[in-house]
Amino acid sequence: MRVLVAGAGGMVGRAAIEHCSALGDEVFAYDHKSLDIADELQVGNAFDNARPEIVINCAAWTDVDGCEFDHERAFRVNARGPELLASHSRRMKAGFVTISTDYVFDGSKEGFYTQRDDPNPQSVYAASKLEGERRAYATSARTIVVRTGWVFGHGGKNFLSRVVEYARSGKPLKSIADSYGTPTYSVDLAARLRELALIDLPGLYHIVNGGHGASFAEFARESLIIAGRDPSIIEDVKMDSLQRPAPRPRNSRLRCILSEAIGLKPMPEWCEALASFIRSE
Numbered sequence: 043m044r045v046l047v048a049g050a051g052g053m054v055g056r057a058a059i060e061h062c063s064a065l066g067d068e069v070f071a072y073d074h075k076s077l078d079i080a081d082e083l084q085v086g087n088a089f090d091n092a093r094p095e096i097v098i099n100c101a102a103w104t105d106v107d108g109c110e111f112d113h114e115r116a117f118r119v120n121a122r123g124p125e126l127l128a129s130h131s132r133r134m135k136a137g138f139v140t141i142s143t144d145y146v147f148d149g150s151k152e153g154f155y156t157q158r159d160d161p162n163p164q165s166v167y168a169a170s171k172l173e174g175e176r177r178a179y180a181t182s183a184r185t186i187v188v189r190t191g192w193v194f195g196h197g198g199k200n201f202l203s204r205v206v207e208y209a210r211s212g213k214p215l216k217s218i219a220d221s222y223g224t225p226t227y228s229v230d231l232a233a234r235l236r237e238l239a240l241i242d243l244p245g246l247y248h249i250v251n252g253g254h255g256a257s258f259a260e261f262a263r264e265s266l267i268i269a270g271r272d273p274s275i276i277e278d279v280k281m282d283s284l285q286r287p288a289p290r291p292r293n294s295r296l297r298c299i300l301s302e303a304i305g306l307k308p309m310p311e312w313c314e315a316l317a318s319f320i321r322s323e
């Protein structure tokens, strides 16, 4: 199978390339340097070269605070980009899978957000990602949108991916104790992206690892316990104390009401996935 992966330099993109290649796919990988997904000429050339049967879009501008100060760039990459990829996927008669975010919700709900819940983005980043969902749907009937969040994995530069590395310094670590999400291992996410592409059932899916979710502080402590390090170095802080430019949802835990209905196996529990990640480092 011929697979085009956009955003190949990122954490999920790398995992998708590795997974698809291991299954014998012919993978055409483009990072942000080799493909600007918001440039129609570049996208057209990439598709003409790859002639893909499946397109997996892992590309995005994920600097949440940066997006707050550059609305134009945020919407160019996160909305126009998926629209162009969907357009050329339609031209090639290829299935299109694109990643969106748990941040499309405002965080006021108790419990898990499902596809029945209405988005209410509170930041420019979240609004641009939601617009990307809508444009992709409007452009290609074979669009699959995958909302996910709290992604960790190899090559990740975020706190979730590097907490054990930070802990090696022995210095206290501050971690948010009143913000909750559903941690997701990039390896598990990548496998599910390809699985959804093969099923080829367009729609909106919430793809995260199993379990009841966690706060950043709970995730950090579990990481250190698995790594055999002292979890007491974690200092709990409140989300509001960080005074970041862009608002984040206080609760963005996700659950999918479609996956089981179409026969997909449950995703591994996030603690189990975290242990796999840490032990493979």
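Take the sequence shown: its letters are residues 43 to 323, numbered as in this note's numbering. Glycine is no exception: its CB is placed at the ideal position from the N, C-alpha and C atoms. Please read these numbers as outputs of a predicted model, since none were measured by experiment.
(1) DSSP three-state label for Thr143, please.
(2) Is the region 245-262 touching the region 69-79 in the sense that three or more CB pairs, one from each, lie closer than 8 Å?
(3) Distance check for Gly137 and Pro124, CA to CA, integer angstroms please.
(4) With DSSP run on the structure shown, which of helix, strand or coil describes Asp230?
(5) What did DSSP end up calling Glu129 once you bin it into helix, strand or coil?
(6) For a cutoff of 7 Å on Cβ pairs, would you count Ser322 as touching chain D?
(7) So the candidates are Lys307, Asn200 and Leu266; which of them puts its Cα closest to the Cα of Ile320?
(8) Based on the DSSP secondary-structure assignment, which residues constitute the bridge partners of Leu296?
(9) Below 7 Å between beta carbons: does that hold for Lys171 and Thr143?
(10) I need the boundaries of the beta strand (DSSP E) containing Ala48, first residue and last residue.
(11) Just reading off the beta strand (DSSP E) that Thr185 is part of, what are its end residues?
(12) Measure the beta-carbon distance from Ala259 to Val206 and round it to whole angstroms, keeping in mind my assumption that it falls under 8 Å.
(13) Within 10 angstroms of the Cβ of Asp90, are there 16 or more other Cβ atoms? Answer buried if so, exposed if not.
Looking at the atomic coordinates:
(1) strand
(2) no
(3) 13 Å
(4) helix
(5) It is worth fixing the name first, because residue 129 is Ser in this sequence and not Glu. Helix at Ser129.
(6) Looking for chain D here will not work: only one protein chain is present.
(7) Leu266
(8) Tyr155
(9) yes
(10) Arg44 to Ala48
(11) Thr185 to Thr190
(12) The Cβ separation is near 15 Å, so there is no contact.
(13) exposed
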